[in-house]
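Residue numbering for the sequence shown is 0 to 150, as defined by numbering that gives the first Met the number 0.
Built from N, CA and C at the ideal position, the CB exists for glycine as well.
Note that the structure is predicted; figures quoted are calculated from it, not measured.
Working notes, beginning with the structure itself.
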Amino acid sequence: MPRSERLSIQEVDASAYQAVRGLERYVRAGDLEPGLLELVRIRASQLNGCAFCLEMHNHDARVKGESQRRLDTLSAWREVPDLFTAREAAALALTEAVTRISDEGVSDRVWDDVAMHFAEKQVVRLLLAIAAINVWNRLAVSVHQRLPERA
């Protein structure tokens, strides 16, 4: 039986949503590849167990041309290194480290790999993309946000 939504943050206080959307606007205005951003959003949402964000970002990734095979194996990306570029792998490792920050922090190995594949300004945008999806995940999971309507 589906859980009922506890609260609609957007209906109760739309300005709260706009605050997080500001982070999204900043991230999207940069030069990070849209497909890479979707992989980051999906991986963080997998770790956080956010059904709303998983459904939305998997859909968005497919619309942007992402292959179903890569989406199907994303949670085990280390097991299929031939499916993900070194740049994507660095971003995914950082996503996991930041999302699980209380486990071990961000290791020098993860940081050095990201620094090898991204310019400093891109690292800032990548960190804010990871932070933003973690905020969205925490909001959606906390309120039991319903899945978006699909045709």
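Member of the options whose CA lies at the smallest distance from the CA of residue i
i, options, result
"VAL109", "ARG86, LYS120, ALA15 and ALA128", "ARG86"
"ALA114", "TRP135, ALA139, ALA88 and ILE100", "ALA88"
"LEU148", "ALA18, SER14, ARG20 and HIS58", "Here residue 148 is Glu; the residue named in the question, Leu, does not match the sequence. Nearest option by C-alpha distance: HIS58."
"ALA131", "ASP102, ALA75, ASN47 and ARG68", "ASN47"
"LYS63", "GLU32, GLU10 and LEU127", "GLU32"
Proximal residues to residue i (C-beta, below 6 Å), its chain only, five neighbours per side dropped
i, result
"THR94", "VAL39, ARG42, ALA43 and ILE129"
"CYS49", "ASN136, ALA139 and VAL140"
"ALA15", "ILE8"
"ARG69", "LEU82"
Rounded straight-line distance, which links the Cα of residue j to that of residue i
i, j, result
"ASN133", "THR98", "7 Å"
"VAL79", "ASP112", "18 Å"
"VAL122", "ALA96", "14 Å"
"PHE51", "LEU22", "19 Å"
"GLN17", "SER106", "32 Å"
"VAL26", "GLU119", "14 Å"
"GLN144", "ARG61", "22 Å"
"ALA75", "GLU4", "30 Å"
"SER66", "LEU73", "11 Å"
"ALA92", "GLY104", "12 Å"
Where residue i sits in the DSSP three-state scheme
i, result
"PRO147", "coil"
"THR84", "coil"
"GLY29", "coil"
"LYS120", "helix"
"GLY21", "helix"
"GLU54", "helix"
"GLY64", "coil"
"GLU37", "helix"
"SER101", "helix"
"ASP71", "helix"
"LEU6", "coil"
"SER106", "coil"
"ASP59", "helix"
7 Å Cβ shell around residue i - same chain, five flanking residues per side excluded
i, result
"MET55", "PRO147"
"VAL142", "GLU4, ARG5, LEU6 and ILE8"
Close Cβ partners of residue i (< 8 Å) along its chain, the five nearest in sequence each way excluded
i, result
"ALA90", "LEU35, LEU38, VAL39, VAL113, HIS116, PHE117 and LEU125"
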